[in-house]
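Undergrad: Just dropping this structure here.
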Amino acid sequence: MRGRTTMAARGFSVVVAAIYLVCAATRVQGQGVSDTGFDVFDFINPFIGTDNGGHVHPGATLPFGMVKASADVYGENQGGFASDNSTIIGFSHTHDSGTGGGPSLGLFPIFPQSDCPDDDLNRCEWAYLDRRVRRINGTAKATPGYFAVTLNTSIQGEVTVTNHTALYRFTFPDDPVPQNGFGSIGSSTIPLSPVLLLDLIDLPRSRSNGTITVDPTSGQISGFGTFNPSFGIGSYNAYVCADFRGAELRDTGLFKNNRAGNDPKSQSVVKDGVNGDGSDGGDTQLPVGAFVQFNKPDSNNQIFVRVGMSFISTEKACQNAKKEIPSFDFEAVQTSAEDAWRKKLSPITIDATGVNNSLQTTFWSGLYRTFLSPQDYTGENPLWDSDEPYYDSYYCIWDSFRSIHPLLTITDPQSQTLMIRSLIDIYVHEGYLPDCRMSLCKGFTQGGSNADVVLTDSFLKNITDGIDWQKGYEAVVKDAEVEPLNWAVEGRGGLKSWKELKYIPTDDYDPYGVGPFTRSISRTVSFINETNTGFVGFLQPRFLNGTFGFQDPIFCSSLLNFTSCYLNAKGHETYEGSAWLYTFYVPQDMATLITTLGGPEAFTRRLQYLHYTYNLLYIGDEQAFLTVFLGHYSGRPGVSSDLAHFYIPAQFNDSIIGIPGNDDSGAMGSFSTFSMLGFFPVAGQDVYLIIPPFFPEINVTSPVTGKVATVRNIGFDPSYRARYVQRARLDGQNYTRNWIGHRFFLEGGLLELELGERESDWGTRPEGLPPSASTSALKRSADELKVRSGMQEFGSFGL
């Protein structure tokens, strides 16, 4: 899912590539702090993608954690924090990462102030536009499980997390620094007397009602609000429970608008139809919240805030906090979070001898971001009772099915299994698999029922534990056969036409459901010939009467009306991409596509034209990913290697704007991870396309079998001039295929790639090409895997 995207990274690709090749070389050996001093955290930069439209959340979280905590900025804040010069409006505890569209979550922000000038509550700043302050440059820091930044009021905020709870440590200056720049300017007449408020608001300022209470004895603040999702329909309730340690409680109370008082201790708010509700951009929503004020802190001028979150109740939020962080021990919580991250990253090790630090940071940071979403809400789903796991924040499966879920299938099959069970359970209780889902709500579909591909891919790759595959198959069949009333949020539209005409007309008559009557090209496949580029054959809209219409093949590329094919745009028949791009997407039968487009040589020229023609292809949308590796199908795996190096590090690097556009919950990270490991998945098939890894050697340990899959480059060249496979051996035997199956990662083995500076004949012959439906090899590969996994009941399921 895109939203606002950026092309800025394209312009400095040559400069970046040159700079990166002169950095220092190191050797990477694992995920902990090794005997050689290697620490994987030294190569993870959570701030990559936090500027220029990347929308990455850099805050403290666990792998797939529900709580994701950081400072929030005023401005482009889809990920909460941004590495620009925007002001900070609070510290909140739930976020999504890398999304397009509008902001999401950012619930119940905390904001610290050293005191109220002249000891007057009404001289503190309460509304978020009034209280916002700038950060001190260079103070923002983040590592897995930790985030910190210092405000220009000299208050440092730090946070670490468990799955449902955030623990903040605010360090105040000895002498209070007045709010400045946007708040009031004045001198304090009292010693340090910190005030912390909790705002009943979210980042998109969508609150419609809520209640907040402060306990006058303990200072505990609890409450709830009703909010809207950012990319879907409906609403959801969220609950909070905040406790404080480190100083003697001095006062408690509430605030509303720009005034505060210490009586009463509880208030409710509803949308009144007059005050702003956020629909105008959010700047006028009624400020409502609670505060606590303290005497000078006991030691180090520090106050700790423990914030429990829940989607069930305030009681559950308090229980989560007490259970997960009973002692307010910041270092212990941080260490536990770091241990969880080291374990999650541990299946992959690399020998990085000769590889510069920048490329290593690109690799490990991309892998890190792959584990941010979906988010584990198990035990926090109020919608139905179930013993199954529940995951949320699928932003969106259209973005994630191509590379995020296939990467999890290799590196974290346990989590992938839980996600599959969750998807099937959503189908059981809501009637359809989700395509996009966030904040317990149905999200908008973006071009099909993409969860079908996730289920198929997992089935073929031996994801089995506790999964009801009969029910999963039922869900996939329903997506294909039964049109829902609202196919904007689930299933597929136009099914009657699809079944009868074998395509969905651009002028379809569909009285059976509602949804966007656009995207007919990207929903089905119909060809018409001839363009002025010299290439023949492009997907085009087709009418009910069987005749073809015309959409310029470059329309919706960066060459022509780039933003004209988003979800709600009119007058387009492709989604977030051009017909030039979509014409390459026939992954089930690339052999037939290549023949249709003029044969292998013409196809390869066309593929190179797509990538090397300036602004024709935008790599920042996920449907572009597979095109990087399609040279394998035309017998030119070296072209795929060329293209991977064309984009890395020029478009994927370790700078703050080091991804091309939105990260989409880690999709960009999973693309760079797979590319640099040297194999890319064809989602929904047991196929990984092979290029030389960006490292001398990579090792992937199966969390299921404990066996190690090793890919070793013979003759590795850190300048990457030698990036073409000359010969390959698998466990000592000649290997002529330019692809490999999932068995390699389950059963382990050694794949040796002998490299050279020129393309060779390796992987170019018909018998070495990836399977296509028309060659029958695809079916044989799947049948072989099913026999090994003991799962034969569905025949040619997913093919």
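Residue numbers (mature numbering (1 follows the signal peptide of the UniProt record, and there is no 0)): -30 to -1, 1 to 769. Heads up, the beta-carbon is just placed ideally off N, CA and C, and yes, glycines get one too. Owing to the predicted nature of the structure, the values given are computational and were not obtained by experimental measurement.
1. Cutting at 6 Å between CB atoms, please list the residues of its own chain near P82, excluding the five before and the five after it.
2. Grab the span of the beta strand (DSSP E) containing V446 for me, first residue to last.
3. Does the beta-carbon of V(-15) have 16 or more other beta-carbons within 10 angstroms, so that it is buried, or is it exposed?
4. Taking the straight line between their C-alpha atoms, what separation do you get for C(-8) and Q330?
5. Please tell me whether Y206 and C411 are closer than 7 Å, where the distance is taken between their beta carbons.
6. Have a look at F573, V598 and V484 and flag the residue whose alpha-carbon is nearest the alpha-carbon of G504.
7. If we count the other Cβ atoms within 10 Å of its Cβ and call it buried at 16 or more, is V10 buried or exposed?
8. Nearest-angstrom Cα distance between D260 and W457?
9. Could you give the uninterrupted runs of the beta strand (DSSP E) lying entirely in the region 138 to 194, keeping only those of 3 residues or more?
10. Kindly confirm or deny that the region 317 to 331 and the region 365 to 379 touch, where touching means at least three C-beta pairs closer than 8 Å.
11. Per DSSP, which residues does N669 bridge with? Please list them.
12. Roughly how many angstroms lie between the CA atoms of P376 and F225, to the nearest whole one?
13. For L647, collect the residues of the same chain with a Cβ closer than 6 Å to its Cβ; drop the 5 residues on either side in sequence, then sort them by chain order.
14. Just grab the DSSP bridge partners of G204 for me.
15. Starting from L580, trace the alpha helix (DSSP H) in both directions and tell me its first and last residue.
16. Please say whether R104 and T57 have beta carbons closer to each other than 7 Å?
17. Cα separation between A39 and Y536?
18. Kindly confirm or deny that the region 603 to 623 and the region 302 to 321 touch, where touching means at least three C-beta pairs closer than 8 Å.
19. Who are the Cβ neighbours of T544 in its own chain at under 6 Å, not counting the five residues just before and after it?
20. Using only CA atoms, which one of D169, V652, G726 and V678 lies nearest to S742?
21. Can you tell me which of the three DSSP states T332 falls into?
22. Leaving out five residues before and five after I155 in sequence, what residues of the same chain have Cβ atoms less than 8 Å from its Cβ?
23. One question on the structure: do S642 and F616 come within less than 7 Å of each other, judged by their Cβ atoms?
24. Classify G336: buried if its beta carbon has 16 or more other beta carbons within 10 angstroms, exposed otherwise.
25. Quick one: grab the DSSP three-state call for T387.
26. Which one or two residues does DSSP pair with K412 in a beta bridge?
27. On a CA-only basis, which of I661, Y347 and S528 is nearest L725? Give me that one, please.
28. Would you mind sorting D731 into buried or exposed? The rule is 16 or more other CB atoms within 10 Å of its CB.
29. Helix, strand or coil for F767 per DSSP?
30. Just to confirm, does R372 get its C-beta within under 6 Å of one of the non-hydrogen atoms of the ligand NAD?
31. Report the rounded CA-to-CA distance for D382 versus P673, giving the unit in angstroms.
32. To the nearest angstrom, report how far apart F644 and Y443 are at their CA atoms.
33. Output the residue ranges of the beta strand (DSSP E) runs that lie fully inside the region 14 to 61 and measure 3 residues or longer, sorted by chain position.
34. Go ahead and label T517 buried or exposed: buried means 16 or more other beta carbons lie within 10 angstroms of its beta carbon, across all protein chains shown.
35. Check whether the region 54 to 68 touches the region 25 to 39, counting contact only when three or more Cβ pairs, one atom from each stretch, lie closer than 8 Å.
36. Taking just the CA atoms, how far does Q416 sit from G507?
TA: The answer reads as follows:
1. For this step, residue 82 is matched to residue 112 along the sequence shown. Closer than 6 Å at Cβ, skipping near neighbours: I125, F140 and L166.
2. Mapped onto the sequence shown, residue 446 falls at position 476. Per DSSP, V446 belongs to no beta strand (DSSP E); it is in the alpha helix (DSSP H), W439 to E451.
3. Walking along the sequence shown from the start, residue -15 turns up at place 16. Here V(-15) scores only 32 on pLDDT, less than 50, and its place in the model should not be relied on; the value that follows carries that caveat. It counts as buried.
4. As a working note, residue -8 is residue 23 in the sequence shown. As a working note, residue 330 is residue 360 in the sequence shown. Residue confidence for C(-8) is low, a pLDDT of 35 falling below 50, so the modelled location carries little weight; the figure read from the coordinates is stated next. In a straight line, the C-alpha of C(-8) is about 11 Å away from that of Q330.
5. Translated into the one-based positions of the sequence shown, residue 206 becomes position 236. Translated into the one-based positions of the sequence shown, residue 411 becomes position 441. In terms of Cβ geometry, Y206 and C411 form a close pair [threshold 7 Å].
6. Taking the sequence shown and counting its residues from 1, the one referred to as residue 504 is at position 534. Among F573, V598 and V484, the Cα nearest to that of G504 belongs to F573.
7. In the sequence shown, counting from the first residue as 1, residue 10 sits at position 40. Here V10 is buried, its C-beta having at least 16 other C-beta atoms within 10 Å.
8. Indexing the sequence shown from 1 puts residue 260 at position 290. Indexing the sequence shown from 1 puts residue 457 at position 487. What sits at residue 260 in the sequence shown is Ala, not Asp. If you draw a straight line from the Cα of A260 to the Cα of W457, it comes to about 42 Å.
9. 165 to 169 and 179 to 184
10. Cβ pair count under 8 Å is below three, so no.
11. Position 699 of the sequence shown, counted from the first residue, corresponds to residue 669. DSSP output for N669 lists T319 and T680 as bridge partner(s).
12. Counted from its first residue, the sequence shown places residue 376 at position 406. Counted from its first residue, the sequence shown places residue 225 at position 255. Answer to the nearest angstrom: the Cα atoms are 48 Å apart.
13. If you number the sequence shown from 1, residue 647 lands on position 677. Answer for L647: P663 and I668, listed in chain order.
14. Locating residue 204 in the sequence shown gives position 234, counting from the first residue. None, per the DSSP bridge assignment.
15. Here residue 580 corresponds to residue number 610 of the sequence shown, with the count starting at 1. Residues P570 to Y582.
16. Mapped onto the sequence shown, residue 57 falls at position 87. Mapped onto the sequence shown, residue 104 falls at position 134. It is a contact, given that the beta carbons lie within the stated cut-off.
17. As a working note, residue 39 is residue 69 in the sequence shown. As a working note, residue 536 is residue 566 in the sequence shown. Approximately 30 Å between the Cα atoms of the pair.
18. The count of Cβ pairs closer than 8 Å, one atom from the region 603 to 623 and one from the region 302 to 321, stays below three, leaving the stretches out of contact.
19. As a first step, residue 544 must be located in the sequence shown, where it is residue number 574. These residues qualify, in order along the chain: I491, S492, C526, C535 and Y552.
20. Stepping through the sequence shown from its first residue, residue 742 is reached at position 772. Nearest option by C-alpha distance: V652.
21. By one-based count along the sequence shown, residue 332 stands at place 362. Helix at T332.
22. Start at 1 with the first residue of the sequence shown, and residue 155 comes out as number 185. The predicted model places I155 with a pLDDT of 47, which falls under 50 and marks its position as unreliable, so this point remains unresolved.
23. Counted from its first residue, the sequence shown places residue 642 at position 672. Counted from its first residue, the sequence shown places residue 616 at position 646. Taking a C-beta distance under 7 Å as the contact criterion, S642 and F616 do not qualify as a contact pair.
24. Here the question's residue 336 lines up with position 366 in the sequence shown. By the neighbour-count rule (16 or more Cβ atoms within 10 Å), G336 is buried.
25. Taking the first residue of the sequence shown as 1, we reach residue 387 at position 417. Helix, per DSSP.
26. Here residue 412 corresponds to residue number 442 of the sequence shown, with the count starting at 1. R407.
27. For the purposes of this step, residue 725 is taken as the residue at position 755 of the sequence shown. Per the Cα distances, I661.
28. Here residue 731 refers to the residue found at position 761 of the sequence shown. Result: exposed.
29. As a position in the sequence shown, residue 767 is number 797, starting the count at 1. Low local confidence applies: a pLDDT of 25 at F767 is under 50, so the model's placement there is unreliable, and no value is given.
30. As for the ligand NAD, it is missing from this structure, which has no ligand bound.
31. For this step, residue 382 is matched to residue 412 along the sequence shown. For this step, residue 673 is matched to residue 703 along the sequence shown. Using only the alpha carbons, I get a separation of about 7 Å.
32. Here the question's residue 644 lines up with position 674 in the sequence shown. Here the question's residue 443 lines up with position 473 in the sequence shown. Whole-angstrom Cα-Cα distance: 28 Å.
33. If we require 3 residues or more, the beta strand (DSSP E) runs fully inside the region 14 to 61 come out as 38 to 43.
34. For the purposes of this step, residue 517 is identified with residue 547 of the sequence shown, where counting begins at 1. By the neighbour-count rule (16 or more Cβ atoms within 10 Å), T517 is not buried but exposed.
35. yes
36. For this step, residue 507 is matched to residue 537 along the sequence shown. For this step, residue 416 is matched to residue 446 along the sequence shown. Roughly 25 Å separates the two Cα atoms.
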